[in-house]
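Numbering (my numbering), first residue to last: 1 to 198.
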């Protein structure tokens, strides 16, 4: 009986040593493991997710990258902040009717920002009249400030454009734009605000 207990104790001790040695090696071989653990801990603690965006002056000049909290609100909070059309477009991925948006024929100098969080998105310097009835730009003011995702809705394959900081739906990007990029960022006025150039 004594010998059996001693064997069990020795086995448990050796197993503990092996586990202690293997786990740091596994973590070193899989750097993503540490990030996953951090993300899980952050989620448990309720700490806000961080994103990196580029701050932009009203004349379109980039000021530099900053790390900020991701903007997360409840549906009720969004409804309080946005009017019905803004909520439908920005939060429910809707589309305003062509030629009805206030920025379609808008040509003032400045920067177009996100209606949901104020992040700078497009400069008037890259705006052009696409004839589609929606404000169009050939590039964002900073690629870091937007996200692009595949959109398979309505039986089409499109690329959706969203605000990086608050995930507001902005519109879609197409490959029939002018030089130098050949892109057409077809945006909804309802998802945008405007900061005039100072």
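Glycine included, C-beta positions come from ideal geometry on N, C-alpha and C.
The model shown is predicted, which means the values in this text are computed figures rather than measured ones.
Return the chain-ordered list of same chain residues with a C-beta closer than 8 Å to the C-beta of residue 142, the five sequence neighbours on each side being excluded.
The answer, listed in chain order, is 53, 54, 56, 62 and 120.
Could you name each continuous beta strand (DSSP E) segment of 3 residues or more that falls completely within the segment 168-195, going from the start of the chain to the end?
Those beta strand (DSSP E) runs which fall completely within the segment 168-195 and span 3+ residues are 169-174 and 184-187.
Any idea if residue 83 is buried or exposed, counting beta-carbon neighbours within 10 angstroms, 16 or more meaning buried?
Residue 83 should be labelled exposed.
Can you find the residues in the same chain that come closer than 7 Å, C-beta to C-beta, to residue 178, ignoring five residues on each side of it along the sequence?
These residues qualify, in order along the chain: 128 and 138.
Locate the beta strand (DSSP E) running through residue 160, then write down its first and last residues.
Note, residue 160: beta strand (DSSP E), 158-163.
Are there 16 or more other CB atoms within 10 angstroms of the CB of residue 171, so buried, or fewer, so exposed?
Residue 171 should be labelled buried.
What three-state label does DSSP hand residue 93 in the structure shown?
Coil.
Would the segment 94-105 count as touching the segment 69-76 if we require 3 or more Cβ pairs under 8 Å?
These segments do not touch.
Note the first and the last residue of the continuous beta strand (DSSP E) segment covering residue 62.
Per DSSP, residue 62 belongs to the beta strand (DSSP E) from 62-69.
Return the CA-CA distance between residue 96 and residue 149, expressed in angstroms with no decimal places.
Taking the straight line joining both Cα atoms gives about 20 Å.
What's the gap between the Cα of residue 93 and the Cα of residue 198?
Taking the straight line joining both Cα atoms gives about 32 Å.
How many angstroms separate the CA atom of residue 60 from the CA atom of residue 159?
Whole-angstrom Cα-Cα distance: 24 Å.
Any idea which residues DSSP pairs residue 127 with across the strands?
In the DSSP output, where bridge partners are listed per residue, residue 127 has 137.
So what does residue 52 bridge to, in DSSP terms?
DSSP, once it has assigned bridges, lists 67 as partnering residue 52.
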